[in-house]
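J.: Okay, handing you the structure first.
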Amino acid sequence: MKKPDSNLNFPPKFVEHLLACVFIFLAALIVLDQANPSTTHLGRDSGNFLYIARTLLRGKTLYLFAWENKPPGIFFIDALGLWLGRGTRWGIFIMEFAFLLTAATAGFHLLKNRFGVGIATASTLIWLVGLNFVLNGGNFTEEYSLAFNFLSLCLLPAIVNGRKPFLASFLLGILLGCSFFMRANNTGVQISIILTLIILHWVEKDRTIPLNLLIAIGFGFLLPAGGVLYYFIARDAVRTFIDASFIYNFFYSSGHFQPLGALFSGLKNLSFVGGVTMVGLWVSLEELWLQLKNRRMDPFLLWLCINFIVDVALSGLSGRNYEHYFINWLPMVAMSSAYLMKKGAASSNEWTRKFPVRSLLAAITIIIILCREPLLNSIHTISQISIHHSLFQKPDPISEYVNSHSLPGQTVLVWGGQTGINFLANRDAPTRYVFYPYYVESEYTDQISAEFYQAVNSHPPALIVDGSYFVPEEVVPLSTASPIKWLKEHQAYNPPYLEEFYAFFRSHYSYETTVNRVDIYRLDK
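Sequential numbering of the sequence shown, starting at 0, is according to numbering that gives the first Met the number 0.
In structure tokens form, the structure reads like this:
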């Protein structure tokens with residue numbers, strides 16, 4: 000009898016790696032079901048990012064033709080996504096999926112090396128569940144920074160104990176720059192790593208090495224910073240870039256620092272994942288205290304305790320506590336839950352170390368059973384795309400109405416900054432300040448308001464869409480009889496030129512229709 004070919008028996012390590020890839024792929028796909036263009040509507044921030052990214056693809060300079068208070072990273076990523084997706088949201092979905100796979104793979108690799116396959120699998124599931132709670136439709140700066148932050152954590156062992164700490168520090172600087180130009184508040188992981196290095200060397204009474212490492216980190220940071228500055232220098236827009244991305248944000252956050260509010264809001268938004276994180280942090284803090292007495296510290300334990308303070312502080316800078324702010328906590332969630340499981344489940348940890356393949360198979364089976372609906376949605380979407388050979392998106396009745404009731408050369412103003420409607424309708428706004436009147440008081444607001452009013456007055460848009468419906472507590476409706484009274488009742492800021500705009504609007508526009516409870520007005524002939 001012929002023996003079976005032994006070459007057909009895959010080595011256990013190969014099977015383990017293959018199952019790990021399947022596990023990460025399925026978990027990421029399930030989380031991003033809420034960003035599926037065929038089943039979900041475009042969110043406010045995401046729509047604004049896409050609208051601005053499209054102006055980049057048309058050769059226009061960022062901030063000069065479309066103004067936002069975010070650094071340029073999100074717009075460059077979305078522009079690449081639109082190019083890949085032929086102008087559709089599917090390109091953005093591809094970018095989100097690629098970045099999330101990178102983050103999950105880096106995190107899983109790090110956790111597996113430190114705690115084994117079982118803890119790595121469970122911790123990865125926990126932080127991805129947390130991401131599902133706070134993703135809020137996706138395409139946020141914090142979402143893309145996850146990849147940079149988990150990769151940064153992977154560099155910590157190489158910096159502390161590796162053969163080439165300066166190279167690892169240089170790479171950390173590059174990742175720091177990438178997160179910084181997504182949003183400065185997204186750099187908590189890298190800031191905590193730097194503080195960890197300083198404290199470790201202070202405890203060991205060696206102050207020379209961290210200085211060299213800090214210099215390497217600084218040089219790494221200059222690489223993305225140089226690329227960004229070159230883009231704006233070449234277009235004579237450096238001052239506009241700095242004013243929009245950084246200085247305006249000081250006014251946006253000024254007087255609103257609420258770290259305790261951010262802590263409680265983060266725990267609430269992360270649900271039970273937040274509770275697991277806090278218990279893990281308490282366990283980690285106890286362990287670190289014991290290590291500190293012996294002057295020997297686990298760098299990751301030290302990083303975890305520092306990062307908790309840093310990320311809570313960064314999340315509380317503006318005092319607004321939007322759900323997506325807490326995406327930045329997820330590396331901390333992953334590490335905290337891992338230390339908790341290491342401390343509390345020694346026997347099961349030993350079993351998963353002996354049988355990693357069974358652990359991964361169990362995790363894959365669990366997510367397939369518990370998450371059938373999003374998986375079936377993804378399979379249905381893929382089948383529809385393959386059948387129709389078209390990247391179809393969920394229809395938006397408001398955008399369809401705007402597109403069919405205006406001409407390609409005409410502009411459309413969406414009151415309150417819902418420029419995803421402009422993006423989907425393929426109609427430009429009449430001004431670069433698309434979020435008016437939703438701006439904070441600053442030294443720039445007079446200029447912003449004046450330019451907005453002049454642009455609308457000199458080149459009136461064909462249609463005005465009242466986007467206050469989407470944020471009824473924050474944006475004054477166009478139909479209100481007294482906007483000043485409304486602002487006082489809602490304790491909202493009264494921007495300059497608001498009354499002048501309302502006078503112009505009432506004398507030049509008439510109500511046309513309501514689509515999906517959103518009022519649309521047309522310019523009088």
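C-beta atoms are modelled at their ideal positions from N, C-alpha and C, and glycine is treated no differently. As the structure is a prediction and not an experimental result, all values here were calculated from the model.
#1: What does a CB cutoff of less than 8 Å around S457 pick up in its chain, not counting 5 residues either side in sequence?
#2: Taking the alpha helix (DSSP H) that E142 belongs to, which residues open and close that run?
#3: Going by DSSP, what residue range makes up the alpha helix (DSSP H) through E67?
#4: So, for S441: in the same chain, excluding its five sequence neighbours on each side, which residues have a beta-carbon less than 7 Å away from its beta-carbon?
#5: Using only alpha-carbon positions, find the residue among F114, Y432, I232 and Q453 that is nearest to E499.
#6: What whole-angstrom Cβ distance do G315 and G260 have, given they're in contact under 8 Å?
#7: Quick check on DSSP: helix, strand or coil for E498?
#8: List the whole-angstrom C-beta distance separating V514 from P396, where the pair is believed to meet the contact cut-off of C-beta under 8 Å.
#9: From what residue to what residue does the beta strand (DSSP E) around D242 run?
#10: Going along the chain, which unbroken runs of the alpha helix (DSSP H) with 4 or more residues stay wholly within the region 21-76?
#11: Quick check: what's the CA-CA separation for S509 versus M181?
#12: Check for me: the beta strand (DSSP E) holding E488 runs from which residue to which?
#13: Can you tell me whether K2 is buried or exposed? The criterion is at least 16 other CB atoms within 10 Å of its CB, across all chains shown.
#14: Alpha carbon to alpha carbon, how far is I173 from P223?
#15: From which residue to which residue does the alpha helix (DSSP H) around V116 run?
#16: Return the first residue and the last residue of the beta strand (DSSP E) that V517 is part of.
#17: Using the beta-carbon count (16 or more within 10 Å), is I447 buried or exposed?
#18: Helix, strand or coil, according to DSSP, for T380 in the structure here?
#19: Considering only residues of the region 272-354, which uninterrupted alpha helix (DSSP H) runs meet the minimum length of 4 residues and lie entirely inside it, listed in chain order?
#20: Using a threshold of 9 Å, state whether the C-beta atoms of T140 and I51 are closer than that.
#21: Can you find at least 3 beta carbon pairs, one from the region 299-307 and one from the region 266-273, that sit closer than 8 Å?
#22: Just to confirm the assignment: which complete alpha helix (DSSP H) runs, minimum length 4, are found wholly within the region 402-457?
#23: Note down the Cα distance separating G415 from F451, rounded to an integer number of angstroms.
#24: Compare the Cα-Cα distances from S178 to each of L150, F114 and G129 and report the closest residue.
#25: Excluding the 5 residues flanking I483 on each side, which residues of the same chain have their C-beta closer than 8 Å to its C-beta?
#26: Per DSSP, L462 is paired with what?
#27: List the DSSP bridge partners of S168.
#28: Ordered along the chain, which non-local residues of its own chain (more than five positions away) have a Cβ less than 7 Å from that of Q417?
#29: So what does DSSP say about L79, is it helix, strand or coil?
T.: A quick look at the data gives this:
#1: Here residue 457 is taken as the residue at index 458 of the sequence shown, counted from 1. Excluding sequence neighbours, S457 sits near nothing in its chain.
#2: If you number the sequence shown from 1, residue 142 lands on position 143. From DSSP, the alpha helix (DSSP H) with E142 extends over T140 to N160.
#3: The residue given as residue 67 occupies position 68 in the sequence shown. Taken as a continuous stretch (DSSP letters only), E67 belongs to no alpha helix (DSSP H), as it is neither H nor E.
#4: For the purposes of this step, residue 441 is identified with residue 442 of the sequence shown, where counting begins at 1. Hits under 7 Å: Y247 and F250.
#5: By one-based count along the sequence shown, residue 499 stands at place 500. The shortest Cα separation from E499 among F114, Y432, I232 and Q453 belongs to Q453.
#6: Taking the first residue of the sequence shown as position 1, residue 315 is located at position 316. Taking the first residue of the sequence shown as position 1, residue 260 is located at position 261. About 6 Å separates the two Cβ atoms, so the contact holds.
#7: Counted from its first residue, the sequence shown places residue 498 at position 499. Helix at E498.
#8: Reading the sequence shown from its first residue, position 515 is the one you call residue 514. Reading the sequence shown from its first residue, position 397 is the one you call residue 396. Indeed, because the Cβ distance is near 5 Å, the residues count as touching under 8 Å.
#9: Taking the sequence shown and counting its residues from 1, the one referred to as residue 242 is at position 243. D242 -> no beta strand (DSSP E), and no H or E assigned at all.
#10: 43-56
#11: For the purposes of this step, residue 509 is identified with residue 510 of the sequence shown, where counting begins at 1. For the purposes of this step, residue 181 is identified with residue 182 of the sequence shown, where counting begins at 1. Using only the alpha carbons, I get a separation of about 40 Å.
#12: Along the sequence shown, read from residue 1 onward, the residue named residue 488 stands at position 489. From DSSP, E488 is part of no beta strand (DSSP E) but of the alpha helix (DSSP H) over P482 to E488.
#13: Your numbering for residue 2 matches position 3 in the sequence shown. For K2, the predicted model reports a pLDDT of 48, less than 50, meaning its position is unreliable; a value from the coordinates is still stated below. K2 is exposed by the Cβ-count criterion.
#14: The residue labelled residue 173 in the question sits at position 174 within the sequence shown. The residue labelled residue 223 in the question sits at position 224 within the sequence shown. Going by the C-alpha atoms only, they are around 6 Å apart.
#15: Here residue 116 corresponds to residue number 117 of the sequence shown, with the count starting at 1. V116 to V133 is the span of the alpha helix (DSSP H), which, as asked, contains V116.
#16: The sequence position of residue 517 within the sequence shown is 518, counting from 1. First-last of the beta strand (DSSP E) with V517: V517 to L522.
#17: Counted from its first residue, the sequence shown places residue 447 at position 448. Classification of I447: buried, given that the 10 Å Cβ count is 16 or more.
#18: Taking the first residue of the sequence shown as position 1, residue 380 is located at position 381. Looking at T380 - three-state DSSP - the assignment turns out to be helix.
#19: 298-314, 329-343 and 345-353
#20: Your numbering for residue 140 matches position 141 in the sequence shown. Your numbering for residue 51 matches position 52 in the sequence shown. Going by C-beta atoms, T140 is not nearer than 9 Å to I51.
#21: no
#22: 419-424 and 444-457
#23: Your numbering for residue 415 matches position 416 in the sequence shown. Your numbering for residue 451 matches position 452 in the sequence shown. For G415 and F451, the distance between alpha carbons rounds to 13 Å.
#24: For the purposes of this step, residue 178 is taken as residue 179 along the sequence shown, with counting starting at 1. Taking only the C-alpha atoms, the option nearest S178 is L150.
#25: By one-based count along the sequence shown, residue 483 stands at place 484. So the qualifying residues of the chain are N493, L497 and E498.
#26: Residue mapping note: residue 462 aligns to position 463 of the sequence shown, counting from 1. Answer by DSSP bridge pairing, in chain order: V411 and R521.
#27: If you number the sequence shown from 1, residue 168 lands on position 169. BP columns for S168 are empty, so no partner.
#28: Working through the sequence shown from its first residue, we reach residue 417 at position 418. Contacts found: R43, G46, G466 and F469.
#29: In the sequence shown, counting from the first residue as 1, residue 79 sits at position 80. L79: helix per DSSP, three-state reduction.
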